[in-house]
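I have placed the structure first, in the form of structure tokens, so that the comments after it can refer back to it.
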Amino acid sequence: MSDTTWTRHHILSLADFTTPEYDIVLQTAASFQEVLSRRTKKVPTLQGQVVANLFFESSTRTRSSFELAAKRLSADTLNFASATSSMTKGETILDTAKTYLAMGTDIMVIRHREAGVPHAIAQEMDRLGVRVSVLNAGDGQHEHPSQALLDLFTICTLLDPDFPRVELLKDKKIAIVGDILHSRVARSNIWSFTASGAHVHLAAPPTLLPKLFADYSKDKPGKLFLHWELEPALQDADFVMTLRLQKERMTSHLLPSLREYHQMFGLTHSMLQLCKPYVKVLHPGPVNRGVEISSELMDDSEFSLIQAQVTSGVAVRMALLYLIGSGKA
Amino acid sequence: MSDTTWTRHHILSLADFTTPEYDIVLQTAASFQEVLSRRTKKVPTLQGQVVANLFFESSTRTRSSFELAAKRLSADTLNFASATSSMTKGETILDTAKTYLAMGTDIMVIRHREAGVPHAIAQEMDRLGVRVSVLNAGDGQHEHPSQALLDLFTICTLLDPDFPRVELLKDKKIAIVGDILHSRVARSNIWSFTASGAHVHLAAPPTLLPKLFADYSKDKPGKLFLHWELEPALQDADFVMTLRLQKERMTSHLLPSLREYHQMFGLTHSMLQLCKPYVKVLHPGPVNRGVEISSELMDDSEFSLIQAQVTSGVAVRMALLYLIGSGKA
Amino acid sequence: MSDTTWTRHHILSLADFTTPEYDIVLQTAASFQEVLSRRTKKVPTLQGQVVANLFFESSTRTRSSFELAAKRLSADTLNFASATSSMTKGETILDTAKTYLAMGTDIMVIRHREAGVPHAIAQEMDRLGVRVSVLNAGDGQHEHPSQALLDLFTICTLLDPDFPRVELLKDKKIAIVGDILHSRVARSNIWSFTASGAHVHLAAPPTLLPKLFADYSKDKPGKLFLHWELEPALQDADFVMTLRLQKERMTSHLLPSLREYHQMFGLTHSMLQLCKPYVKVLHPGPVNRGVEISSELMDDSEFSLIQAQVTSGVAVRMALLYLIGSGKA
Numbered sequence: 000m001s002d003t004t005w006t007r008h009h010i011l012s013l014a015d016f017t018t019p020e021y022d023i024v025l026q027t028a029a030s031f032q033e034v035l036s037r038r039t040k041k042v043p044t045l046q047g048q049v050v051a052n053l054f055f056e057s058s059t060r061t062r063s064s065f066e067l068a069a070k071r072l073s074a075d076t077l078n079f080a081s082a083t084s085s086m087t088k089g090e091t092i093l094d095t096a097k098t099y100l101a102m103g104t105d106i107m108v109i110r111h112r113e114a115g116v117p118h119a120i121a122q123e124m125d126r127l128g129v130r131v132s133v134l135n136a137g138d139g140q141h142e143h144p145s146q147a148l149l150d151l152f153t154i155c156t157l158l159d160p161d162f163p164r165v166e167l168l169k170d171k172k173i174a175i176v177g178d179i180l181h182s183r184v185a186r187s188n189i190w191s192f193t194a195s196g197a198h199v200h201l202a203a204p205p206t207l208l209p210k211l212f213a214d215y216s217k218d219k220p221g222k223l224f225l226h227w228e229l230e231p232a233l234q235d236a237d238f239v240m241t242l243r244l245q246k247e248r249m250t251s252h253l254l255p256s257l258r259e260y261h262q263m264f265g266l267t268h269s270m271l272q273l274c275k276p277y278v279k280v281l282h283p284g285p286v287n288r289g290v291e292i293s294s295e296l297m298d299d300s301e302f303s304l305i306q307a308q309v310t311s312g313v314a315v316r317m318a319l320l321y322l323i324g325s326g327k328a
Numbered sequence: 000m001s002d003t004t005w006t007r008h009h010i011l012s013l014a015d016f017t018t019p020e021y022d023i024v025l026q027t028a029a030s031f032q033e034v035l036s037r038r039t040k041k042v043p044t045l046q047g048q049v050v051a052n053l054f055f056e057s058s059t060r061t062r063s064s065f066e067l068a069a070k071r072l073s074a075d076t077l078n079f080a081s082a083t084s085s086m087t088k089g090e091t092i093l094d095t096a097k098t099y100l101a102m103g104t105d106i107m108v109i110r111h112r113e114a115g116v117p118h119a120i121a122q123e124m125d126r127l128g129v130r131v132s133v134l135n136a137g138d139g140q141h142e143h144p145s146q147a148l149l150d151l152f153t154i155c156t157l158l159d160p161d162f163p164r165v166e167l168l169k170d171k172k173i174a175i176v177g178d179i180l181h182s183r184v185a186r187s188n189i190w191s192f193t194a195s196g197a198h199v200h201l202a203a204p205p206t207l208l209p210k211l212f213a214d215y216s217k218d219k220p221g222k223l224f225l226h227w228e229l230e231p232a233l234q235d236a237d238f239v240m241t242l243r244l245q246k247e248r249m250t251s252h253l254l255p256s257l258r259e260y261h262q263m264f265g266l267t268h269s270m271l272q273l274c275k276p277y278v279k280v281l282h283p284g285p286v287n288r289g290v291e292i293s294s295e296l297m298d299d300s301e302f303s304l305i306q307a308q309v310t311s312g313v314a315v316r317m318a319l320l321y322l323i324g325s326g327k328a
Numbered sequence: 000m001s002d003t004t005w006t007r008h009h010i011l012s013l014a015d016f017t018t019p020e021y022d023i024v025l026q027t028a029a030s031f032q033e034v035l036s037r038r039t040k041k042v043p044t045l046q047g048q049v050v051a052n053l054f055f056e057s058s059t060r061t062r063s064s065f066e067l068a069a070k071r072l073s074a075d076t077l078n079f080a081s082a083t084s085s086m087t088k089g090e091t092i093l094d095t096a097k098t099y100l101a102m103g104t105d106i107m108v109i110r111h112r113e114a115g116v117p118h119a120i121a122q123e124m125d126r127l128g129v130r131v132s133v134l135n136a137g138d139g140q141h142e143h144p145s146q147a148l149l150d151l152f153t154i155c156t157l158l159d160p161d162f163p164r165v166e167l168l169k170d171k172k173i174a175i176v177g178d179i180l181h182s183r184v185a186r187s188n189i190w191s192f193t194a195s196g197a198h199v200h201l202a203a204p205p206t207l208l209p210k211l212f213a214d215y216s217k218d219k220p221g222k223l224f225l226h227w228e229l230e231p232a233l234q235d236a237d238f239v240m241t242l243r244l245q246k247e248r249m250t251s252h253l254l255p256s257l258r259e260y261h262q263m264f265g266l267t268h269s270m271l272q273l274c275k276p277y278v279k280v281l282h283p284g285p286v287n288r289g290v291e292i293s294s295e296l297m298d299d300s301e302f303s304l305i306q307a308q309v310t311s312g313v314a315v316r317m318a319l320l321y322l323i324g325s326g327k328a
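Heads up: the sequence lines are chains V, G and Y, in that order. Anchor point for the first sequence: position 64 equals 63 in numbering that gives the first Met the number 0, and the numbering is continuous, going up by one each time. Anchor point for the second sequence: position 173 equals 172 in numbering that gives the first Met the number 0, and the numbering is continuous, going up by one each time. Anchor point for the third sequence: position 251 equals 250 in numbering that gives the first Met the number 0, and the numbering is continuous, going up by one each time.
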């Protein structure tokens with residue numbers, strides 16, 4: 000695998016990811032995708048290493064994906080969920096992380112409802128001079144890099160299964176639709192898609208897409224576009240990513256009703272007619288059927304990449320754990 | 000192992016199990032029981048395969064039994080419990096199953112409080128044309144096939160440790176006592192015991208044994224009998240299975256009191272005098288001591304097979320995972 | 000490893016631990032500490048054995064430490080937490096233990112909020128004549144032997160990294176400060192430290208250190224001392240162990256306020272000036288920063304052994320599982 004140039008120790012954000020780094024992740028994930036198609040799906044790469052999933056916010060899907068990725072690399076896994084932890088006893092988050100460090104953890108996969116927690120832990124680990132790596136599995140409304148990387152891998156693999164690479168996205172039009180304001184997935188996707196040379200079109204009601212998002216596009220002229228209606232974003236799009244709408248948004252008066260939201264921003268077969276003929280739809284899951292996407296479209300394997308995203312997730316997470324974990328032991 | 004004729008892909012219900020199928024399960028479980036007595040209790044059979052325990056209803060005992068069975072076959076396991084899952088975020092159960100499918104799950108072990116959920120998931124998997132197997136670990140008040148198979152194995156192994164087979168049960172009298180109405184275990188047991196040629200006698204208060212249960216016996220003349228008193232069921236019985244009484248049944252006015260229930264249907268040493276001299280007692284667990292069975296009888300190893308059932312559970316579940324899982328990778 | 004004389008089957012209490020037993024634990028742990036520094040941190044010692052963590056009281060830190068220790072010995076692990084268990088269905092604790100026994104558990108690691116539960120389970124296992132071992136992972140306010148053994152290992156390893164042994168503690172002065180009344184850790188530490196020939200000085204407000212603790216010192220003349228002020232305990236101390244203060248103690252009127260407690264019994268750099276120059280500070284964790292110890296002191300690696308304790312925990316628990324588990328299979 001072409002990881003000779005990989006130097007990154009933590010994976011916290013895609014804001015400063017370089018094109019070679021994206022390509023290494025894509026090609027390493029492609030290798031693991033191939034491993035997963037073999038009879039024996041395990042490799043001994045991380046044998047004896049410990050991957051601790053520290054999930055201060057619950058998530059079955061992401062935690063299972065990381066756990067499976069770690070097990071297929073033959074690592075030992077520890078699961079921590081805050082509900083059953085001593086967080087209730089008043090220990091700080093940094094203390095919890097240091098406890099797992101002291102136990103011998105090699106990689107910490109961290110999810111927290113507040114932005115910046117994985118960074119703070121990584122910073123503390125570096126200050127201590129230890130070799131543990133931190134992987135951000137979602138922090139508040141900030142970033143969710145492994146999700147954006149699996150989205151990137153899903154798309155690039157579709158465009159060239161044998162040699163996925165970011166240049167394949169050059170000048171593709173990608174629409175991101177929905178609750179962008181609250182989405183860490185969208186923020187990470189904006190970094191990776193614009194870095195790949197794609198044209199990224201955001202579409203949402205004004206309450207879910209404030210003007211400040213235009214700031215993202217300042218140093219990306221001609222790459223990031225904001226729309227308060229769905230149609231211009233879908234027009235000739237190659238890919239459409241729709242985001243989960245948290246039902247809590249209704250009670251906080253950011254939206255009138257789920258039904259109205261679906262009428263204006265819900266993805267359906269008929270809306271897709273605005274897009275390129277071979278358009279594909281992505282969603283980070285879990286899906287609110289009939290809200291951000293129609294049930295029929297979600298299940299239509301001609302258009303939907305949603306299952307492929309989940310499958311990509313295991314390969315991409317194996318790649319990330321491999322890249323930051325190998326050479327450690 | 001004599002699995003040359005095994006063709007069943009999912010294990011959802013015992014309603015259509017054939018005698019050869021029962022015998023294959025019994026003999027495969029006997030082989031694994033032998034493995035479990037060795038110094039090294041693990042076999043590499045399912046190495047690299049993923050067994051996902053999707054428990055939408057909590058159960059430590061059954062989940063641990065399946066988890067241990069999977070680990071002793073060298074499979075990787077993923078545990079999903081609905082309390083900590085995105086079910087709270089509104090994803091459908093089929094979507095959850097498809098997510099675990101997309102991650103690379105080979106066998107899904109599913110428990111749900113509603114009857115039919117494992118069937119629905121299996122049907123969807125077949126519709127999708129994928130090779131994943133579904134194992135029903137208890138669905139509502141419908142079936143609990145692995146429990147009934149371990150009961151069958153426990154009894155047949157007692158009758159012939161070297162060669163357990165269903166014909167050993169021919170013309171044995173088996174009493175099933177207790178809350179039959181709400182018991183998925185009883186329903187699965189009725190299928191396996193009557194298919195084995197045993198005479199099955201059900202005993203419970205009328206509220207817990209409605210007449211409709213006679214329907215089960217229509218195509219089993221002379222094999223299934225209903226009693227609203229305990230004594231005729233116990234008379235000359237070879238085996239007595241007593242069922243857990245959910246305490247909630249009291250509040251829903253199906254029963255007068257626990258004490259009265261114990262007096263009428265509780266199993267005790269003195270009641271056992273009605274049975275054959277070598278009668279054995281089974282219970283699917285967990286036991287309400289002093290309600291459906293006296294504490295003394297439960298702990299009397301001369302009569303009680305309750306611990307043997309738990310031990311059989313691991314061997315039988317290894318057999319089931321092996322039979323539906325091998326040949327997959 | 001020098002385990003030729005090890006005969007203890009369960010580890011429930013340190014009250015009757017002998018000097019040779021302490022030394023065997025220390026030296027076995029030292030061997031595993033060495034294993035943990037290797038490239039491959041796993042040994043096949045307990046392959047095929049099952050370690051069940053039965054935690055009737057939640058504890059992420061201790062459970063993770065035992066789980067990792069078991070995995071590094073290549074054992075299979077089962078985790079049981081009462082919140083998701085059938086305890087809510089009325090099964091007794093002994094019945095739960097017997098279920099895990101029947102499944103094939105080799106070692107049960109048990110935590111319970113009531114004193115004596117691990118002993119009761121061990122007694123029942125012995126009565127049944129089975130070979131399963133029980134390890135007390137904390138029972139009520141009674142004992143927490145693995146914690147005290149890791150404290151002992153941490154201190155002895157500091158004094159002689161190559162050959163940790165109890166005689167190194169002879170005539171050392173060790174202060175134990177804080178909520179001694181409610182601390183199972185303190186009780187276990189008193190046994191191990193006094194058995195090692197150290198002078199143990201307890202310091203706490205009278206409500207948290209009743210006179211009855213003097214009973215511990217009756218057969219240990221000149222080894223155990225009680226103080227209702229911090230200063231005499233710290234004077235010339237070689238090691239200071241401070242205990243977690245449960246905030247519930249305030250509401251039950253055992254203490255005036257956290258702030259006042261910190262002023263009187265909180266450990267700080269300036270208080271440490273009373274001690275020997277090379278004094279070290281221990282804490283069983285999790286720490287209430289600014290209550291029983293100042294945040295600055297906790298993070299000062301010149302004085303604090305807190306991280307070393309966590310690391311020692313994995314090696315010591317590997318040693319304990321190895322000593323009671325080997326020779327079993």
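Even for Gly, the Cβ is constructed at its ideal location relative to N, Cα and C. All values derive from a computational prediction rather than experimental measurement.
Here DSSP, grouped into helix, strand and coil, assigns residue 39(V) to coil. Think of a sphere of 9 Å around the beta carbon of residue 79(Y): the chain G residues whose beta carbon falls inside it are 59 and 63, in chain order. Per DSSP, residue 52(Y) is one residue of the beta strand (DSSP E) stretching across 49 to 54. Taking a Cβ-Cβ cut-off of 8 Å, the neighbours of residue 91(G) in chain V comprise 288, given in sequence order.
Identification of residues in the segment 94 to 111 of chain V having a C-beta nearer than 7 Å to some C-beta of chain Y yields 94, 97, 98, 101, 102 and 103, given in sequence order.
In this structure, the CA atom of residue 196(Y) is about 6 Å from the CA atom of residue 168(Y). Here residue 275(Y) has 235, 236 and 237 as same chain residues with Cβ atoms under 7 Å from its own Cβ, once five neighbours each way along the sequence are excluded.
DSSP places residue 142(V) within a strand segment (E or B) once states are collapsed to three.
Interface with chain Y (7 Å Cβ-Cβ cutoff): residue 125(V) is excluded.
Residues of the segment 270 to 285 of chain V that bring their beta carbon within less than 8 Å of a beta carbon in chain G comprise 284 and 285, in sequence order. Each residue's CA atom was taken as its position, placing residue 262(G) and residue 8(Y) some 42 Å apart.
In the DSSP assignment, residue 78(G) falls within the beta strand (DSSP E) that extends over 75 to 80.
Taking CB atoms only, residue 32(G) has no neighbour in chain Y less than 7 Å away.
Note that the C-beta distance between residue 311(V) and residue 149(V) is below 7 Å. Judged by DSSP secondary structure, residue 65(G) falls within the alpha helix (DSSP H) whose first and last residues are 59 to 71. For residue 289(Y) and residue 246(Y), the gap between their C-alpha atoms comes out near 13 Å. Setting aside the 5 residues that flank it on each side, residue 244(G) is surrounded in the same chain by 177, 178, 260, 287, 290 and 291, each with a C-beta closer than 7 Å to its C-beta; the list follows chain order.
Taking the Cα of residue 49(V) as reference, the smallest distance to any Cα among 139(V), 170(V), 101(V) and 184(V) is reached at 101(V).
Distance from the Cα of residue 107(G) is smallest, within the candidate group 227(G), 114(G), 91(G) and 75(G), for 75(G). Taken atom to atom, the span from the alpha-carbon of residue 254(V) to that of residue 209(V) is near 14 Å. The continuous alpha helix (DSSP H) containing residue 310(G) extends over residues 305 to 324. One thing to note: residue 31(Y) has its Cβ within 7 Å of the Cβ of residue 318(Y).
For a Cβ distance threshold of 9 Å, residue set 37, 38, 39, 40, 41 and 71 of chain G lies close to residue 47(Y), ordered along the chain. Residues 81 and 111 of the same chain have their beta carbon placed closer than 6 Å to that of residue 55(G), with the five preceding and five following residues left out of the count. No Cβ of chain Y is located within less than 7 Å of the beta carbon of residue 235(V). Inclusion of residue 91(G) and residue 60(V) in the CB contact set at 7 Å is not warranted, their separation being larger than that value. DSSP places residue 302(Y) in the coil class of the three-state scheme, outside both helix and strand.
Boundaries of the alpha helix (DSSP H) around residue 127(V): 116 to 127.
Per DSSP, reduced to three states, the secondary structure at residue 293(Y) is coil, with no helix or strand assignment.
Beta-bridge partners of residue 172(Y) (DSSP): 198(Y).
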